[in-house]
Each structure stands twice: as C-alpha cells, then as structure tokens.
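Undergrad: Residue numbers are given in full-length UniProt numbering: position 71 of the sequence shown equals residue 71, and the series is strictly consecutive.
Each residue gets a CB set at the ideal place from its N, CA and C atoms; glycine is no exception.
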Amino acid sequence: MAAAPPGTAALALGTAAGAAAIQRVGEAEVGDKTMVDALVPAARALASCEPTADPAYALHVAAVAAHRGARSTTDLRARRGRASYTGDHARGVPDPGALAVALLFASAHAELTSLSRLPVS
1 MAAAPPGTAA
11 LALGTAAGAA
21 AIQRVGEAEV
31 GDKTMVDALV
41 PAARALASCE
51 PTADPAYALH
61 VAAVAAHRGA
71 RSTTDLRARR
81 GRASYTGDHA
91 RGVPDPGALA
101 VALLFASAHA
111 ELTSLSRLPV
121 S
C-alpha cells in the first residue's frame, strides 16, 4: 500500500524551507535569474493556501505561480548560477532551472490528480 501524500501544510513548510536553504547556500534572490525565481513564488502560493486545502489544488496553485516566476526570468540578466557566465547571451530565454521548478510542480500536481482518480481496492 502506498503512503498517503503529504498534506498542504507539510508541502508549504517543506517548500519554504527548501527555498530558504537554496537562497542561503546559493546566495540567490528573486530577480537573479535562477530557480529561485520560480521556487519562491511557488512557496508563497503554497503558504497562501489553507493548511487543510486539497494538496492537488495547492500544487496547482504552486505550479501556476512557479510558471509565472519562470517566465519572468526571460528578459533578466543572470546574476547567479551557471547562466551568470553568459552575460547578456541568456536574455530572451527563460532560466532553465526556473523552468525545471515549474515543471516539477506541474508534474506533482498531475500525478497527484491522477492518483486520486484510481479506484480504491
């Protein structure tokens, strides 16, 4: 039997802690054109959900926020991470790490949604 997925409160706390750790270690802030540009909005979106909200709904809200954050990196100049070595060459392209974060939340939402539709044996 599969373990139950974490609740919305646990998702919010874990995502916020992960974002804070990445920011601390990588010295990255929102606007530096890194994965943080998607992760922080996702963490804030999860924190804005009721702790008892349906986790699939919370992941959807986080995925939308992460996608918006990733898209916001398109015209930024990278100040941290590998893309910072490219200078202005990365302008016009969303940060790959931010896009990966957005895909992670979208995939988690899709998977949790599909699992909730499986018949209970």
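In angstroms, rounded to a whole number, what distance separates the CA positions of V36 and G18?
TA: Taking the first residue of the sequence shown as position 1, residue 36 is located at position 36. Taking the first residue of the sequence shown as position 1, residue 18 is located at position 18. Straight-line Cα distance between these residues: approximately 10 Å.
Undergrad: Tell me whether E111 sits in a helix, a strand or coil according to DSSP, three-state version.
TA: Position 111 of the sequence shown holds residue 111. In the structure shown, E111 adopts helical secondary structure according to DSSP, grouped into three states.
Undergrad: For Q23, which residues from the same chain have a beta carbon less than 7 Å from its beta carbon, with the 5 sequence-adjacent residues on both sides left out?
TA: Mapped onto the sequence shown, residue 23 falls at position 23. Result list for Q23: E29, V36, in chain order.
Undergrad: On the three-state DSSP scale, how would you describe A28?
TA: Stepping through the sequence shown from its first residue, residue 28 is reached at position 28. In the structure shown, A28 sits in coil (DSSP, three-state: anything other than H, G, I, E or B).
Undergrad: Can you tell me the Cα-Cα spacing of P41 and G87, whole angstroms?
TA: By 1-based counting over the sequence shown, the position of residue 41 is 41. By 1-based counting over the sequence shown, the position of residue 87 is 87. Taking the straight line from one Cα to the other gives about 25 Å.
Undergrad: Start and end of the alpha helix (DSSP H) containing L76?
TA: Position 76 of the sequence shown, counting from 1, holds the residue named residue 76. From DSSP, L76 is part of no alpha helix (DSSP H); its letter is neither H nor E.
Undergrad: Whose C-alpha, out of T15, A9, V25, K33, is nearest the C-alpha of P96?
TA: Counting from 1 along the sequence shown, the entry for residue 96 is found at position 96. Taking P96 as reference, the option from T15, A9, V25, K33 with the minimal CA-CA separation is K33.
Undergrad: With a threshold of 7 Å on Cβ separation, who are the neighbours of A53 within its own chain once the five nearest residues in sequence on each side are excluded?
TA: Counting from one through the sequence shown, the residue named residue 53 turns up at place 53. The residues are T8.
Undergrad: Should L115 be labelled buried (16 or more other beta-carbon atoms within 10 Å of its own) or exposed?
TA: By one-based count along the sequence shown, residue 115 stands at place 115. With fewer than 16 neighbouring CB atoms inside 10 Å of its own CB, L115 falls in the exposed class.
Undergrad: Check P41 in the structure and name its three-state DSSP category.
TA: Stepping through the sequence shown from its first residue, residue 41 is reached at position 41. Reduced to three states, the DSSP call for P41 is helix.
Undergrad: Whole angstroms is fine: what's the gap from H67's alpha carbon to L99's?
TA: Taking the sequence shown and counting its residues from 1, the one referred to as residue 67 is at position 67. Taking the sequence shown and counting its residues from 1, the one referred to as residue 99 is at position 99. Spanning the two alpha carbons is a distance of roughly 7 Å.
Undergrad: Taking the alpha-carbon positions, what's the L112 to P55 distance?
TA: Residue numbering aside, residue 112 sits at position 112 when the sequence shown is read from its first letter. Residue numbering aside, residue 55 sits at position 55 when the sequence shown is read from its first letter. Rounded to whole angstroms, L112 to P55 spans 8 Å at the Cα level.
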